[in-house]
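Novice:
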Amino acid sequence: MIAEHGGLSVTQVQHVLRAYAVRSRERLTHVAHALVQRTLPPDTVLTTSS
12 MIAEHGGLSV TQVQHVLRAY AVRSRERLTH VAHALVQRTL PPDTVLTTSS
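Each step along the sequence shown adds one to the number in the numbering used here, with nothing skipped, and position 14 is 25.
1. Which same chain residues end up closer than 8 Å to D54 when comparing Cβ atoms and leaving out the 5 residues on each side of it in sequence?
2. Among residues of its own chain, excluding the 5 on either side of I13, which ones have a beta-carbon nearer than 6 Å to its beta-carbon?
3. Checking 9 Å against the spacing of the C-beta atoms, do L19 and V27 come in under that value?
4. DSSP three-state call for R34: helix, strand or coil?
So, in structure tokens, the structure goes:
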């Protein structure tokens, strides 16, 4: 989802997701779940992690 939305590779997505989780003090699994449930917009992860 993030890879397609942001035009990133899978490796880049791993780094973006991890960085977002650390910055927001959330577990990585919670971030991933929120993305899948569409309660966290992909743009939020992409813009705050760059």
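A virtual CB, placed ideally from N, CA and C, is assigned to each residue, including glycine.
Specialist: So, from the listed chains and residues:
1. H16
2. V24 and P53
3. yes
4. helix
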